[in-house]
Amino acid sequence: MMLDENLSIAQVKAMGLVDPNAKRFLSNLLCSTYEDFVALVYENLEEAALYMEEDAAIRIKDGEDRLTSDLILFFRARGFTATHDEKINGHSDVVIKKRNFMWLGEAKIHSDYDYLFQGFNQLCTRYSTGNSSSKNGGLIIYVRNKDVKNVIDTWKIRLSEKNLEDYDTSECEERKELSFYSVHKHSKSGLIYKVKHLAIILNFEPMDK
Amino acid sequence: MLFEEAHQKVDAELCYDVEAKCACHSILSFLEENPIETLKHIHFLTLKNKINTNNNSLVFKAANYLSGDSLKILKVGFEYIEEDNYEEITPEEYTEIESTKKYYYDGKPVLNYENKIFIYFSLNTASEIKK
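Chains as they are written, first to last, in the numbering used here: chain V, 1 to 209; chain W, 210 to 340.
The following block contains the structure:
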């Protein structure tokens, strides 16, 4: 696209139809509500997952902190305030902020479902307040096993057996079968708290040699 | 923050994206080397020229990072320009325009306002960056 010196909103939007960076620039600029912010966080989280999955081989020996540091860097490169281990009622793994909005994430390397539930509880009962500018959070599950879909399916079943108040689940349209949303009544705020459960495929066991 | 620190932050936070890192360094150098008075109205094309690229996507990536929360060194402004008519629009006002899909100038609705509202950049003096 040939540009005049002045760049109009119409031109940025037109470029945004084909260029994710133009779209991202405008979305970040126009982010003004908590819902806008959460939508941006999830868009970037899904892209971060794809980015990490592209190079699972180099992450084979990484611990949780190292993996999460990569995630944090990804968000910072996209213009967010993002920190790892920031003290928010304890040391939350992932803290993403924009203006007065905040999204917390807990990140776990999957070993067993009790460990995932521990992470879920850390997020929901320790770090988050569940107030109106922090009513969404995430559980990021690094999976080195094969059959990640099975891990997510089983986790969904195990979580539903915990009988959380006002609990329900819904599908994640962008990352179907490797991610889902849960809602339940937050124990602190009494408001509904929505958690995105997102698996990142970090298995690397090639069988060609 | 000193410009030197800003360059270091770029190195650390864009370490996985060499192209974006270089683009941001070029823009930071441009901001550092020019008097503040000349940095109050920077066009997209100016940033593109400073990066020395034909790639608009790269400019958006760099602008997104430099105007984002991490560094906040660039501010994005909006302005309405139509023939002799001109008005500065704050980001909050533009957000309102986006949500209502209406823009009024001098009390009258402006048709096709998206073609008449332009973005520009400026050095964010509130970031207290020092040379």
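For glycine and all other residues, C-beta sits at the position ideal for the given N, C-alpha and C.
**Request:** Evaluate Gln122/V with the Cβ neighbour count: other Cβ atoms within 10 Å of its Cβ, from every protein chain shown; 16 or more gives buried, anything less gives exposed.
**Result:** buried
**Request:** Could you tell me whether any Cβ in chain B is nearer than 8 Å to the Cβ of Met102/V?
**Result:** Protein chains V and W are contained in the structure displayed, whereas chain B is not.
**Asked** Opposite Tyr329/W in the DSSP bridges: which residues?
**Response** Gly286/W
**Prompt:** Under a Cβ-count criterion, where at least 16 other Cβ atoms within 10 Å of its own Cβ denotes burial, should Tyr225/W be classed as buried or exposed?
**Reply:** exposed
**DSSP state of His110/V mapped onto helix, strand, coil** = coil
**Request:** Sort out for me which residues DSSP pairs Trp103/V with in a bridge.
**Result:** Ile96/V
**Prompt:** Once you ignore the five residues that flank Glu64/V on each side, which residues in its own chain have a CB closer than 8 Å to its CB?
**Reply:** Asp93, Ala107, Lys108, Ile109, Tyr142
**Prompt:** CA-CA distance, Lys270/W and Glu165/V?
**Reply:** 43 Å
**Beta-carbon contacts of Ser69/V that lie in its chain and below 8 Å, excluding the five residues immediately before and after** = His84
**Message:** Going by DSSP, what residue range makes up the beta strand (DSSP E) through Asn294/W?
**Reply:** 294 to 298
**Asked** With distances taken from CA atoms, which of Asn163/V, Ala199/V, Tyr115/V, Ser187/V is nearest Val151/V?
**Response** Ala199/V
**Item:** Per DSSP, cross-strand counterpart(s) of Lys196/V
**Value:** Gly138/V, Tyr181/V
**Asked** Looking only at C-alpha atoms, which of Ile96/V, Asn21/V, Asp153/V, Arg78/V sits nearest to Glu86/V?
**Response** Ile96/V
**Assigned secondary structure, Glu165/V (DSSP; H/G/I helix, E/B strand, else coil)** = coil
**Asked** Any idea if Ser308/W is buried or exposed, counting beta-carbon neighbours within 10 angstroms, 16 or more meaning buried?
**Response** exposed
**Prompt:** Trp155/V to Ser111/V, Cα distance in whole Å?
**Reply:** 12 Å
**Asked** Is there at least one Cβ from chain W nearer than 8 Å to Arg78/V's Cβ?
**Response** yes
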